[in-house]
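What follows is the structure, encoded as structure tokens:
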């Protein structure tokens, strides 16, 4: 195991992160068999010390932020309530945050509880593996699903997984229901956001979620050149953050895919054992939603045209502006 902690930040903590490395003599293109686990002990910086007013969809953004949000849910085991009310509440937060025109749920929500395997709980265990949930061909995969085209033959082995992700949900049908066509989606910006919330009464004390500043990740860091579920190779300069003591009244949002990004290198993430966590901290409980956002048609200066009298959800301005 590699120890790389040289911290001058008194608010930082440390944790072990499971990266991946290429096995000697193996083919880098074979992402599923050519890599092995490569643990590193790293500094994890306090994200609460960063400016919190940034637009996470700007290229200059770290790609994550916490939004204050008091949720109406009190029973986190009520699957029916989660699937109706909670999803809608999160969509409303994301619409306000991003100005997205359409938001779809990219698969069922995931509830996690530390120790759930021992308890026989239906919740999943936290994942101690640096990864990203999506590959860089997500928009193309949705466009092909809308048009009925076969997967692109040039996709890598891992990029082919995008097809099963798309086919596993009913997002293409929902897109068609709101009038999105393959041609229409191809012209839009599509973003995939993960949301993460503590569902315990207590602030998170054990195994918090860490995430990368996307500006410090390169697409070549991913196994087989894909920053996806297989994992990430360690490289000097990558920086990781967490929000200490997240409460139930906070929603963590981070980018997993952006069709406008110059390269697919978003906020890889992992649970980690905080080495400074109190021994008596309660088990971590959380819920995650993976959301597909389709942005409004582009403005003329962005290389596109708005529909007549479309309202921008964030600025409330009308395009084109009304005649004087």
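In the numbering used here, the protein residues as written are 701 to 1024. Think of the CB as a built atom: it goes at the ideal place given N, C-alpha and C, for glycine as much as any other residue. In this text, all values refer to a predicted model and were calculated from it rather than measured experimentally.
Since residue i is in the alpha helix (DSSP H), which residue starts that stretch and which ends it?
| i | result |
| --- | --- |
| residue 840 | 838 to 847 |
| residue 952 | Not the alpha helix (DSSP H): residue 952 falls in the beta strand (DSSP E), residues 950 to 958. |
| residue 886 | 882 to 886 |
| residue 864 | 861 to 867 |
Quickly, what does DSSP pair residue i with across the bridge? List them, please.
| i | result |
| --- | --- |
| residue 991 | 805 and 893 |
| residue 899 | None, per the DSSP bridge assignment. |
| residue 874 | Answer is none; residue 874 lacks a bridge partner. |
| residue 971 | 909 |
| residue 736 | 721 |
| residue 985 | 813 |
| residue 831 | 969 |
| residue 922 | 932 |
| residue 702 | 740 |
I want to check one thing, is the minimum distance from the CB of residue i to the heavy atoms of the ligand FMN below 7 Å?
| i | result |
| --- | --- |
| residue 870 | Absence of the ligand FMN from the depicted structure is noted, as is the absence of any ligand whatsoever, leaving it without description. |
If I follow the unbroken beta strand (DSSP E) through residue i, where does it start and stop?
| i | result |
| --- | --- |
| residue 835 | Segment: none, residue 835 is in no beta strand (DSSP E) and carries neither H nor E. |
| residue 940 | 940 to 942 |
| residue 718 | 713 to 722 |
With a threshold of 8 Å between beta-carbons, can residue i be considered close to chain D, or not?
| i | result |
| --- | --- |
| residue 904 | No chain D is present in this structure, which holds just one protein chain. |
Report the CB separation of residue i from residue j in whole angstroms; it is logged as a contact under 8 Å.
| i | j | result |
| --- | --- | --- |
| residue 904 | residue 984 | 6 Å |
| residue 801 | residue 907 | About 36 Å; that fails the 8 Å criterion. |
| residue 895 | residue 988 | 7 Å |
| residue 829 | residue 718 | 5 Å |
| residue 766 | residue 893 | Going by Cβ atoms, the distance from residue 766 to residue 893 rounds to 13 Å, so no, they are not a contact pair. |
| residue 711 | residue 749 | 6 Å |
| residue 898 | residue 946 | 5 Å |
| residue 799 | residue 978 | Not really, about 40 Å apart at Cβ, beyond 8 Å. |
| residue 929 | residue 833 | 7 Å |
| residue 785 | residue 976 | Their Cβ separation, rounded to whole angstroms, is 36 Å, which puts residue 785 and residue 976 out of contact at 8 Å. |
| residue 812 | residue 986 | 5 Å |
| residue 740 | residue 782 | Not quite, the Cβ-Cβ distance comes to about 35 Å (not below 8 Å), so this is no contact. |
| residue 914 | residue 763 | 4 Å |
| residue 902 | residue 769 | Not a contact, Cβ separation roughly 18 Å. |
| residue 744 | residue 940 | 5 Å |
Next on the checklist: Assess contact between the segment 965 to 972 and the segment 769 to 789, defined as three or more Cβ pairs (one per stretch) separated by less than 8 Å. Is contact present?
Outcome noted: Cβ pair count under 8 Å is below three, so no.
Checklist entry - Which residue spans inside the segment 741 to 829 form an unbroken beta strand (DSSP E) run of at least 3? => result Scanning the segment 741 to 829 for uninterrupted beta strand (DSSP E) segments of 3 residues or longer gives 764 to 768, 802 to 805 and 810 to 813, listed from N- to C-terminal end.
Checklist entry - Is the segment 827 to 847 touching the segment 944 to 958 in the sense that three or more CB pairs, one from each, lie closer than 8 Å? => result In short, these stretches touch, since the Cβ pair count reaches three.
Checklist entry - Would you call the segment 919 to 935 and the segment 979 to 993 touching, i.e. three or more CB-CB distances under 8 Å? => result The segment 919 to 935 is not in contact with the segment 979 to 993.
Item to check | Sufficient close CB pairs (3 or more, under 8 Å) joining the segment 786 to 800 to the segment 868 to 884 | outcome: With the rule of 3 Cβ pairs closer than 8 Å, the segment 786 to 800 does not count as touching the segment 868 to 884.
Checklist entry - Can at least three beta-carbon pairs, one atom from the segment 733 to 741 and one from the segment 858 to 868, be found at a separation below 8 Å? => result Contact between the segment 733 to 741 and the segment 858 to 868 is absent: fewer than 3 CB-CB pairs across the two stretches fall below 8 Å.
Next on the checklist: Under 8 Å: do the segment 909 to 921 and the segment 970 to 978 share three or more Cβ pairs, one atom per stretch?
Outcome noted: With a cut-off of 8 Å, the segment 970 to 978 and the segment 909 to 921 count as touching, because enough Cβ pairs lie within range.
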